[in-house]
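Chains as they are written, first to last, in the numbering used here: chain V, -5 to 447; chain C, -5 to 447.
No residue lacks a Cβ here, since even glycine has one placed at the ideal position from N, Cα and C.
Down below is the structure, laid out as structure tokens.
What follows is the structure in structure tokens.
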């Protein structure tokens, strides 16, 4: 079962596609590990990719799709005829279907759903109504449920009869419902090992099992699984009707997705993931949208220099230090942003605890401000031999560091309270203010001692 | 079983600790959800926290520790007497023990291990030898294994006898080994449902089961679990001896940890996580270590301004645009860094594919460089009415954007090849070069047309 690393799998795949030999293509794709499958498929041309996904049986195509990151897979599915896409989606887990459809335009998603098997289509529509980061969005519909008045024998027969279908199922529990599909209890597989075969499930099941509501948040689910070492938790709707199962892996995966979004957001990649397989203009446009906002913020900050232009002209050496003071403060502030974002996401600080954060950061800001200020001030003094230049530059960096870390610590909390995404907004906001303040401190301090510089 | 949100759980916990009433403390901690437990414990004073963890039975203390992020939990454990710490660690999963011990100083870790139950100590020592991000570092030792010549009846008896102990076990498989502990096969619990009770495991087990080597990487494990929808995979050493099980959740968790480290590293939080419950000087020192490197890099970049000081003095309006050009290029470059890091971690680009990345980024850089350059150049022209100022500023931004995105795309690949961490090094490196080039382009272009500015 060892998978081998192939040097340029997309070239081989592309050649095989030209021969149109289905079996060879299947064998080759099977021989790739998931990362190489994703790589190979992403490097094909659009038409080759469409050829591959339609040449393969829907079941095999679905396995390929599973190896590809969601946002990329959604792009590929969009290129297919809706009926081909529908056939593939029918082979995927229900929460995966919802994730993919969620990345498509509404129009494309509808076209695909309309061509799915009515039952699966109904399910997909239902799943799409849930928020991605709730129990409804994370649950799967592949689970085993039986009625409370069924007997052990019924279950065992059913398990035997559907051995193959169930082999793909993730769930190690049986869920027991009443005649109106309301969750009554749960049974572990092993609980079927010992009892009489005529025993009713209602007499064996664990009553009042753990469950979560469809709208339980990602944080609720994390808390749940940290508290309970379970393989999955049943999800019920407002009427207590069983509607799915959330697995702990799905929760971890959603968490990872969130971390990734934070990371991308902080780096100015907005509106979802970017892959270099996407069209150039789409990539360029999305990056520009964020940069254009930034350039406006930059202009606001730099206008402070324009105001003090005469001061600067009178002591041109200051120009060397302006970007240094603003950059360094920006770095200090971003450290505080990261700590706040992390503590927020771990629940170690609450959005309302502004004073606590300000206190903790301001005291750190004083220490680091002094350290950095003395360092930079001393270097300025050495360079030009002017103690006043050292005082102006060092003093400005010290004061601006206190401003930057306090602000950096506070901004994520404020954004969270304003229901804005700290990952997207913190850094541009912080940098604008710290740039502006940095320029202001250097130049206004300098204007006080201008004759001595 | 509903957990309630308590307003300031640490205050209540602190009060309860003063009464020293064990049962009340247990009840209160039980009533908190994991996030609130972590919050409450992190806000206690050091002495209160030590009192809590020693007052509780080791088993209950271990549950508290499980709710706390590893690096913070390690700090708390360090404050305990080694024998108290050892008693608590004995109650944790083996991979969690290894994670915590790995975060301690060697000396502290040894002191604790020496006081653990000899068998558990031996295991902990063994686990510590594995890299955290390998199968050895991620596996747990809590699994069920039987010998190939045992019978179904033996297993069922054993399961009955150890019901309580096994209830905590995560694993739904039985592993079958030979007399020298080498992995022979695997059985699902449900495979015990049907066969005769006198059947030998060797006749029932699935032979040649999937397995991974102790040194399998995180990426191998991700690939494995993407390929195989299993609840866990057995881990064997070089002699094929079964030594543990890796669960898919552990792999997802390790992944999330990696994303978090990337996010923190990019923001300049190095040397592990920072929480505001840590001592002020430790936090300040760690942040300073990264900032001091940055200030040196900043000085190198700013020295470019010093070189062109006369040009700048002759056209002081340029000073307004210097930080803008360098900042904007830095932002563009960081977008490319993020895309490269993401593609690398997904395996969508290989570290050797420098030309591919340079091609993709340079073409994007030309488009975005032109767009931003024209925007900024036009604004500069409007502000001072000088077309030459516009050309200098806009041209410099355009050229520097191409440099920045090409470099930003390439740096993570180069660092990966040099086995350095892209998250830590990319941004400072990129910013230094783009600052320097930005200053250079603005000022050298300006010096060409100085008499017209």
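- A contact between stretches requires three or more CB pairs, one per stretch, nearer than 8 angstroms, and the region 9 to 26 of chain V fails this requirement with the region 314 to 332 of chain C.
- Boundaries of the beta strand (DSSP E) harbouring residue 167 of chain C: 167 to 171, taken from the DSSP string.
- Checking the DSSP bridge columns, you'll see residue 211 of chain V partnered with V:128.
- Taken through DSSP and simplified to helix, strand or coil, residue 433 of chain V comes out as helix.
- For the 9 angstroms CB-CB criterion, residue 138 of chain C and residue 259 of chain C do not form a contact.
- For the region 222 to 243 of chain C, the set of positions with a beta-carbon nearer than 8 angstroms to some beta-carbon of chain V reads 223, 225, 242 and 243 in chain order.
- In the structure shown, residue 140 of chain V adopts extended strand secondary structure according to DSSP, grouped into three states.
- At a cut-off of 9 angstroms between beta-carbon atoms, residue 22 of chain C makes no contact with chain V.
- Boundaries of the alpha helix (DSSP H) harbouring residue 255 of chain C: 242 to 260, taken from the DSSP string.
- Nearest neighbour of residue 124 of chain V by Cα position, chosen from V:227, V:212 and V:79, turns out to be V:212.
- Taking 8 angstroms as the Cβ-Cβ cut-off, the region 249 to 276 of chain V approaches chain C at 249, 250, 253, 254, 256, 257, 258, 260, 261, 262, 263, 267, 268, 269, 270, 271, 274 and 275, given in chain order.
- Runs of the alpha helix (DSSP H) spanning 4 or more residues and lying entirely within the region 25 to 88 of chain C occur at 28 to 37, 40 to 49, 52 to 60, 64 to 72 and 76 to 83, in chain order.
- A buried status is given to residue 256 of chain V, since no fewer than 16 other beta-carbon atoms sit within 10 Å of its beta-carbon.
- Against chain V, a Cβ distance below 9 angstroms from residue 7 of chain C picks out nothing, because the smallest value is about 15 angstroms.
- The region 380 to 396 of chain V makes no contact with the region 332 to 346 of chain V: fewer than 3 CB pairs, one atom from each, lie closer than 8 angstroms.
- For residue 341 of chain C, there is no enclosing alpha helix (DSSP H), as DSSP marks it with neither H nor E.
- Where residue 228 of chain V is concerned, the enclosing beta strand (DSSP E) starts and stops at 227 to 230.
- Within chain C, the residues 314, 315, 317 and 318 have their CB atoms less than 8 angstroms from the CB of residue 296 of chain V, given in chain order.
- Judged by DSSP in its simplified three-state form, residue 290 of chain V adopts helix.
- Only those residues of the region 322 to 335 of chain V whose C-beta falls short of 9 angstroms from the nearest C-beta of chain C are listed: 322, 324, 325, 326, 328, 329, 330, 331, 332, 333, 334 and 335.
- Here DSSP, grouped into helix, strand and coil, assigns residue 109 of chain V to coil.
- Near chain C, meaning a CB-to-CB distance below 9 angstroms, the residues of the region 139 to 159 of chain V are 150, 153 and 154.
- According to the DSSP assignment, residue 443 of chain V belongs to no beta strand (DSSP E), since it is labelled neither H nor E.
- Within chain C, the residues whose beta carbon sits less than 7 angstroms from that of residue 342 of chain V are 32, 33, 36 and 269, listed in sequence order.
- Per DSSP, the beta-bridge partners of residue 201 of chain V are V:179.
- The beta carbon of residue 186 of chain V falls within 9 angstroms of a beta carbon belonging to chain C, placing the residue at that interface.
- With a contact defined as Cβ atoms closer than 8 angstroms, residue 61 of chain C and residue 32 of chain C qualify at about 5 angstroms.
- Only exposed fits residue 222 of chain V, as fewer than 16 other CB atoms lie within 10 angstroms of its CB.
- Nearest to residue 30 of chain V by C-alpha distance, out of V:63, V:41, V:15 and V:40, is V:63.
- Using a Cβ-Cβ cut-off of 7 angstroms, residue 292 of chain V is close to 318, 321 and 322 of chain C, given in chain order.
- Cβ contact annotation for residue 55 of chain V (same chain, cutoff 6 angstroms, sequence separation greater than five): 47 and 82, in chain order.
- By the Cβ test, the region 307 to 320 of chain C is in contact with the region 296 to 303 of chain V, since at least three Cβ pairs between them sit closer than 8 angstroms.
- Excluding its 5 nearest sequence neighbours in each direction, residue 269 of chain C has C-beta neighbours in its own chain below 6 angstroms: 66, listed in chain order.
- The contact set of residue 134 of chain V on chain C, defined by CB atoms closer than 8 angstroms, is empty, because the minimum CB distance reaches about 11 angstroms.
- Residue 398 of chain V and residue 253 of chain C have their alpha carbons spaced roughly 25 angstroms apart.
- For the 9 angstroms CB-CB criterion, residue 245 of chain C and residue 216 of chain C form a contact.
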